[in-house]
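Some notes on the structure that comes next.
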Amino acid sequence: MKLIENDPLDLEMLKKMLTAKEDLNLVWPSADYPFCPIQWSERLNPDRGSLSFWVMEEDSIIGHACLSPSTAPGRWTVNHLYLISDKRGDGRGKKILELLEEYARENLDARSLLLRVRDENLPAIRTSVAHGFTEIGRNDTHVKMSKALN
């Protein structure tokens, strides 16, 4: 498995992956349904520092992830993490987090990563904890987690 930068930003493939409302809701709960390319192009805008990645397995795109700069120097946010349904549940999520961490450390001089997980998405919470993330807060629907990078 590897990450390939989605550069130039290609939203058509993401749109094809996120046709089901439930999938779109997993990735970005407040996103417009059906998939709105304008909304996503603003959200994944490289001019704002966001880095969009395709998750590749062999020669197939099996998911998406994004790293976005946070307000604090050296802190990056993992967001819009998605795996197609038949690729979930066997450790790929943890591997994606490892790849994002490696990229952030080596290319962005990141000192910490943040992520938010829907509180009902227990598999994603377990995966994040198994990868060293710790809970730092909650709101009505999300668990906010952080991991310091050495």
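Residues 1 to 150, numbered by the numbering used here, are exactly what the sequence shown covers, in order.
All C-beta atoms in this analysis are idealised placements derived from N, C-alpha and C, irrespective of residue type, glycine included.
Asked                                                                                                                                       : Found
Please identify the residue among Asp119, Lys94, Asp109 whose C-alpha is closest to the C-alpha of Asn150.                                  : Asp109
Candidates Leu100, Val129, Ser146: which alpha carbon is nearest Ile4's?                                                                    : Leu100
For Asn6, count the other beta carbons within 10 Å of its own beta carbon; 16 or more makes it buried, fewer makes it exposed. Which is it? : buried
May I ask you to report which of helix, strand or coil DSSP gives Leu115?                                                                   : strand
How long is the line joining the alpha carbons of Ala72 and Arg105, rounded to whole angstroms?                                             : 15 Å
Do Gly49 and Pro69 have their CB atoms nearer than 8 Å?                                                                                     : yes
When you compare only the Cα positions, how much space is there between Val143 and Pro8?                                                    : 31 Å
What first and last residue would you give for the alpha helix (DSSP H) that runs through Gly93?                                            : 92-108
Quick one: is Gly93 buried, meaning 16 or more other Cβ sit within 10 Å of its Cβ, or exposed?                                              : buried
Can you tell me whether Ser52 is buried or exposed, with buried defined as 16 or more other CB within 10 angstroms of its CB?               : buried
Determine, using beta carbons only, whether Lys15 and Pro37 come nearer to each other than 8 Å.                                             : yes
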